[in-house]
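Going by this note's numbering, the first residue of the sequence shown is number 4, and it counts up by one from there.
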Amino acid sequence: MSGDGMAAFVIDAFLEKVVVVEVVEEVVVKAAPLDSDGDGVYDENDQCPNTPKGAVVDARGCYVVDKVYFDFDKFNIKPEFKPALDAVAVVLQNNPTVNMTISGNTDDIGTPAYNMALSIRRANAIKAYLVSKGVNADNISVIGYGEDRPADTNATPVGRAMNRRAVLLLMI
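This is how it looks when you write it as structure tokens:
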């Protein structure tokens, strides 16, 4: 074996071989989750798409309006509910194509006819308040259910208080 051959043999047999490997880094760019209606809930989790701009939503992306509760045999709006109604007015003003239905309800004390009329007065009181804040009256409908749709039992004072309410529902 020649000197060059022996050198080649020693290099091949006993020395580490250096292998040059080109490292290619794979970069994956993920698109940011979409929130088409801008309510803070990503579309993949949003159970109420197209929430009106500025509306307060829950974790499901659904518009949250606290119910308005009334004292026994009354239809005047208590001061503690006016800030929430003011926020509703802003949402409706900023979204003039959105309509709202307000349903009035009562407990079961009194005659059904009286309670039906009282429930309508409750719904109309809220409508009048929203209109006084600049909401278009044509975008609000009212309905009275009287004592027909209790949210709670009418067997206790607390349950009856929970039934003396109005419910605001956005129609998107």
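Backbone N, C-alpha and C fix where the C-beta goes; we use that ideal spot for every residue, glycine too.
Tell me whether the segment 99 to 112 and the segment 124 to 139 touch, counting them as touching only if at least three CB pairs, one residue from each stretch, are closer than 8 Å. yes
Residue environment, residue 156, which counts as buried when at least 16 other CB atoms sit within 10 Å: exposed
On the DSSP letters alone, give me the boundaries of the alpha helix (DSSP H) that residue 95 sits inside. 85 to 97
Close beta carbons around residue 63, own chain, < 6 Å, minus the five adjacent residues each side: 50
The alpha helix (DSSP H) spanning residue 124 covers which residue range? 115 to 135
Pick helix, strand or coil for residue 31, following the three-state DSSP scheme. coil
Roughly how far, in whole angstroms, is the beta-carbon of residue 72 from the beta-carbon of residue 164, given that I think they are within contact range, below 8 Å? 7 Å
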